[in-house]
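Peer 1:
Chains as they are written, first to last, in our numbering: chain A, 542 to 819; chain B, 542 to 819.
(1) What's the C-alpha gap between residue 738 of chain B and residue 702 of chain B?
(2) When the cut-off is 9 Å and only beta carbons count, does residue 596 of chain A lie next to chain B?
(3) Measuring only between beta-carbons, confirm whether residue 799 of chain A sits less than 9 Å from chain B.
(4) Return the Cβ separation of residue 589 of chain A and residue 617 of chain A in integer angstroms, given the expectation that the two are a contact with Cβ distance under 8 Å.
(5) Around the C-beta of residue 542 of chain B, are 16 or more other C-beta atoms found within 10 angstroms, so that it is buried, or is it exposed?
(6) Based on the DSSP output, what are the partners of residue 560 of chain B in its beta bridges?
(7) Output yes or no for whether 9 Å exceeds the beta carbon distance between residue 664 of chain A and residue 643 of chain A.
(8) In angstroms with no decimal places, state the Cα-to-Cα distance between residue 541 of chain A and residue 772 of chain A.
(9) At 9 Å on the CB atoms, spell out the chain B contacts of residue 715 of chain A, in chain order.
(10) Find the residues of chain B that neighbour residue 571 of chain A, judging by a C-beta separation of less than 8 Å, and give them in chain order.
(11) If you count every other CB in all the chains shown that lies within 10 Å of the CB of residue 629 of chain A, and 16 or more means buried, which is it?
(12) Enumerate in chain order the residues of its own chain whose CB-to-CB distance from residue 813 of chain B is below 8 Å, with the five nearest sequence positions on each side excluded.
(13) What whole-angstrom Cβ distance do residue 574 of chain B and residue 555 of chain B have, given they're in contact under 8 Å?
(14) Excluding the five sequence neighbours on either side, which residues of its own chain have a C-beta within less than 7 Å of the C-beta of residue 710 of chain A, listed in chain order?
(15) Where DSSP assigns a beta bridge to residue 690 of chain A, which residues make up the other side?
(16) If residue 780 of chain B and residue 770 of chain B are in contact, beta carbons under 8 Å, what's the gap, nearest whole angstrom?
(17) Who are the neighbours of residue 893 of chain B on chain A, taking C-beta pairs under 8 Å?
(18) Is there contact here, the region 793–802 of chain B with the region 747–754 of chain B, by at least three beta-carbon pairs under 8 Å?
(19) Find the residues of chain B that neighbour residue 708 of chain A, judging by a C-beta separation of less than 8 Å, and give them in chain order.
(20) Counting only Cβ pairs nearer than 7 Å, list the residues of chain A close to residue 590 of chain B.
(21) Please give the ranges of any beta strand (DSSP E) in the region 717–767 of chain B, keeping only runs that are unbroken, at least 3 residues long and fully inside the region.
(22) Taking DSSP as the reference, what is the three-state secondary structure of residue 783 of chain A?
(23) Below 9 Å between beta carbons: does that hold for residue 762 of chain B and residue 713 of chain B?
(24) To the nearest angstrom, how far is it from the Cα of residue 598 of chain B to the Cα of residue 692 of chain B?
(25) Just to confirm before moving on: does the CB-CB distance between residue 681 of chain A and residue 586 of chain A stay below 9 Å?
(26) Counting only Cβ pairs nearer than 7 Å, list the residues of chain A close to residue 548 of chain B.
(27) So who's on the other strand from residue 550 of chain B, going by DSSP bridges?
(28) Work out the CA separation of residue 652 of chain A and residue 670 of chain A for me, nearest whole Å.
(29) So the candidates are A:808, A:755 and A:566; which of them puts its Cα closest to the Cα of residue 658 of chain A?
(30) Using a Cβ cut-off of 8 Å, pull out every chain B residue sitting near residue 555 of chain A, in sequence order please.
(31) Give me, in chain order, the residues of the same chain whose beta-carbon lies closer than 6 Å to that of residue 799 of chain A; leave out the 5 immediate sequence neighbours on both sides.
(32) Relative to the alpha-carbon of residue 698 of chain B, which residue among B:726, B:717, B:673 and B:734 has its alpha-carbon at the smallest distance?
(33) Tell me the DSSP bridge mates of residue 645 of chain B?
(34) What residues are listed by DSSP as bridge partners for residue 791 of chain B?
(35) Is the shortest distance between the beta-carbon of residue 782 of chain A and the beta-carbons of chain B less than 9 Å?
(36) Below 8 Å on the Cβ atoms is my guess for residue 645 of chain A versus residue 564 of chain A; work out the distance and round it to an integer in Å.
Structural data, given as structure tokens:
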């Protein structure tokens, strides 16, 4: 692991790191915020994993979400990985579209060529990355949660529902909740996983929660002025599945907010305190 | 004036606007954060003008500084203009350097060709822009302050010292305080104002405060790990001039912080409350 940058922020340290990932077979970057040791001691600390949305890297969250202030107060580590494998050898959308390929890994393990060699974000996030984090940083692997935005909300929901003992708490901003039913997800899944839709349910939060509700109360914030709400997000699908299966869900429709980091920043403090209390 | 974007943020609205500027003889963009009317009423509100540093546009502050949360709480409008004139007709540094020309207007009125046609940021900020803001938004022109970062800290200090009745409060993050004595300022001033250095003192905070200290207590935060501290910033020059002239100054050296928006965000709340209390 190599430290790329380390910047003081709210008394703590916002770092960016790179390493050679076995799961993704390429160099990967991720960001880690460490709270101030002089107020919180040497750790180990609880940690939250943040999964970003389409087109993002590890940089968007750390510059725009305004999470460091409250994380420093609460003594939380926040890990923000990249959204896909990267590098010259990693194939991208043949048309360079924003919603598939680089910046759009969808937090799954691809099974189809040519994507399956590098697009292993699910294995990376549930195995290799937490192991590296717990080895290199004073993080308590038994007190981890996960949250994210849009495509990263989909990632957070599915990874929590499949690994509730590892990622014990879960929240999301404007998540994709039923990827098999919306254009972003159908494009990505048909390429990464193939056209047999029975294989898609392993990465579909609405399908997963219908069978295996998790133990945590899930928090979702969704802006009513979100330009992707009706076509791509449709949180009511997830809410209905939660109600049917007994999954505890707090879905808050936030009047007038859109899909941007202005929305995320406005409710970031709520989410950090939500995870911390649990 | 044209509204380019309007995004809900912490209950208020973060807008970006454009207009045809007479002072700069080009189209100019600026950002305005309006606090939530449902908690603060219809106004008029006090306003703070934020001046950004080299390479920035109106976008850096509104995405990275995390100011909206506290501005929404306090009922403050924040106006963040661009850092230079823009457009195809506006000349740039012949080598495309980051520290002169586009993104580097230095908040002065250029007198030398070819810069003098468009580079009139001082007139723009002290005349045209506040007049437009007070016409188009519920802003109280008698309750305005100014603050900024680096080159924008230089702008805030000089504009406050020359216009203390208009911009009544002033603070800065890692400002250029003696442009005539450091490489950034000497390059810009010799091009914009010519080689007669007696003309430079009109835009030199350390020279200005030696003659005309202002009524307000000025707040400056400076990171000790700032890579530009020794060569370009040198706040001790300004502190010495303030002490000699009786200018009230609160200079805080912040241990371990650098020149970035991570530093700015860490102390943004302090600055907003500082202005609001005054």
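Glycine is no exception: its CB is placed at the ideal position from the N, C-alpha and C atoms.
These figures come from a predicted structure and were not determined experimentally.
Peer 2: Here's the rundown:
(1) Counting from 1 along the second chain, the entry for residue 738 of chain B is found at position 197. Counting from 1 along the second chain, the entry for residue 702 of chain B is found at position 161. Going from the Cα of residue 738 of chain B to the Cα of residue 702 of chain B covers about 19 Å.
(2) Position 55 of the first chain, counting from 1, holds the residue named residue 596 of chain A. False, the Cβ-Cβ gap to chain B never drops below 9 Å.
(3) Taking the first chain and counting its residues from 1, one reaches residue 799 of chain A at position 258. Yes, because at least one Cβ of chain B sits closer than 9 Å to the Cβ of residue 799 of chain A.
(4) Residue 589 of chain A sits at position 48 when you count from the first residue of the first chain. Residue 617 of chain A sits at position 76 when you count from the first residue of the first chain. Rounded, the Cβ-Cβ distance is 6 Å, consistent with contact.
(5) Residue mapping note: residue 542 of chain B aligns to position 1 of the second chain, counting from 1. Label assigned to residue 542 of chain B: exposed.
(6) Here residue 560 of chain B refers to the residue found at position 19 of the second chain. For residue 560 of chain B, which the question treats as bridged, DSSP gives the partners B:569.
(7) Taking the first chain and counting its residues from 1, one reaches residue 664 of chain A at position 123. Taking the first chain and counting its residues from 1, one reaches residue 643 of chain A at position 102. Contact flag unset, no.
(8) Here chain A comprises residues numbered 542 to 819, so residue 541 of chain A is not present and cannot be evaluated.
(9) Taking the first chain and counting its residues from 1, one reaches residue 715 of chain A at position 174. Among the residues of chain B, none has a CB under 9 Å from the CB of residue 715 of chain A; the nearest is roughly 13 Å distant.
(10) What you label residue 571 of chain A is simply residue 30 of the first chain in a count that begins at 1. Ordered by position in chain B, no residue passes the 8 Å Cβ test against residue 571 of chain A, which lies about 17 Å from the chain.
(11) Along the first chain, one-based indexing puts residue 629 of chain A at 88. It counts as exposed.
(12) Counting from one through the second chain, the residue named residue 813 of chain B turns up at place 272. Counting only Cβ-Cβ distances below 8 Å, and skipping sequence neighbours, we find 589, 608, 611, 612, 615 and 617.
(13) Within the second chain, residue 574 of chain B is the residue found at index 33, counting from 1. Within the second chain, residue 555 of chain B is the residue found at index 14, counting from 1. 5 Å between Cβ atoms; contact.
(14) For the purposes of this step, residue 710 of chain A is identified with residue 169 of the first chain, where counting begins at 1. Closer than 7 Å at the Cβ level, and outside the excluded window around residue 710 of chain A, lie 686, 757, 816 and 819.
(15) Indexing the first chain from 1 puts residue 690 of chain A at position 149. Bridge partners of residue 690 of chain A according to DSSP: A:714.
(16) The sequence position of residue 780 of chain B within the second chain is 239, counting from 1. The sequence position of residue 770 of chain B within the second chain is 229, counting from 1. Cβ-Cβ separation between residue 780 of chain B and residue 770 of chain B: approximately 13 Å, too far for a contact (criterion under 8 Å).
(17) No answer is possible for residue 893 of chain B: it lies beyond the span of chain B, which begins at 542 and ends at 819.
(18) Output reads no: the region 747–754 of chain B does not touch the region 793–802 of chain B.
(19) Position 167 of the first chain, counting from 1, holds the residue named residue 708 of chain A. Within chain B, no residue comes near residue 708 of chain A; the closest Cβ sits about 27 Å away, beyond 8 Å.
(20) For the purposes of this step, residue 590 of chain B is taken as residue 49 along the second chain, with counting starting at 1. Within chain A, no residue comes near residue 590 of chain B; the closest Cβ sits about 21 Å away, beyond 7 Å.
(21) Listed in chain order, the complete beta strand (DSSP E) runs (minimum 3 residues) inside the region 717–767 of chain B are 759–764.
(22) Taking the first residue of the first chain as position 1, residue 783 of chain A is located at position 242. In the structure shown, residue 783 of chain A sits in a helix (DSSP, three-state: H, G or I).
(23) By 1-based counting over the second chain, the position of residue 762 of chain B is 221. By 1-based counting over the second chain, the position of residue 713 of chain B is 172. Judged by their CB atoms, residue 762 of chain B and residue 713 of chain B are nearer to each other than the 9 Å cut-off.
(24) Position 57 of the second chain, counted from the first residue, corresponds to residue 598 of chain B. Position 151 of the second chain, counted from the first residue, corresponds to residue 692 of chain B. Whole-angstrom Cα-Cα distance: 12 Å.
(25) The residue you call residue 681 of chain A lines up with position 140 of the first chain. The residue you call residue 586 of chain A lines up with position 45 of the first chain. It is a contact, given that the beta carbons lie within the stated cut-off.
(26) Position 7 of the second chain, counted from the start, is the residue given in the question as residue 548 of chain B. For residue 548 of chain B, the chain A residues whose Cβ falls inside 7 Å of its Cβ are 799, 801 and 803, in order along the chain.
(27) The sequence position of residue 550 of chain B within the second chain is 9, counting from 1. According to DSSP, which records beta bridges pairwise, residue 550 of chain B is partnered with B:553.
(28) Locating residue 670 of chain A in the first chain gives position 129, where the first residue counts as 1. Locating residue 652 of chain A in the first chain gives position 111, where the first residue counts as 1. In a straight line, the C-alpha of residue 670 of chain A is about 20 Å away from that of residue 652 of chain A.
(29) Taking the first residue of the first chain as position 1, residue 658 of chain A is located at position 117. Residue nearest to residue 658 of chain A within the set A:808, A:755 and A:566 is A:566 (criterion: CA-CA distance).
(30) The count along the first chain starts at 1 and reaches residue 555 of chain A at position 14. Within chain B, the residues near residue 555 of chain A are 803.
(31) The sequence position of residue 799 of chain A within the first chain is 258, counting from 1. Around residue 799 of chain A: 764, 766 and 767.
(32) Your numbering for residue 698 of chain B matches position 157 in the second chain. Among B:726, B:717, B:673 and B:734, the Cα nearest to that of residue 698 of chain B belongs to B:717.
(33) Numbered from 1 along the second chain, position 104 holds the residue referred to as residue 645 of chain B. DSSP, once it has assigned bridges, lists B:642 as partnering residue 645 of chain B.
(34) Looking up residue 791 of chain B in the second chain gives position 250. In DSSP, residue 791 of chain B forms a bridge with B:760.
(35) Translated into the one-based positions of the first chain, residue 782 of chain A becomes position 241. Not a single C-beta of chain B is nearer than 9 Å to the C-beta of residue 782 of chain A.
(36) Sequence index remark: in the first chain, residue 645 of chain A carries index 104 (1-based). Sequence index remark: in the first chain, residue 564 of chain A carries index 23 (1-based). Going by Cβ atoms, the distance from residue 645 of chain A to residue 564 of chain A rounds to 17 Å, so no, they are not a contact pair.
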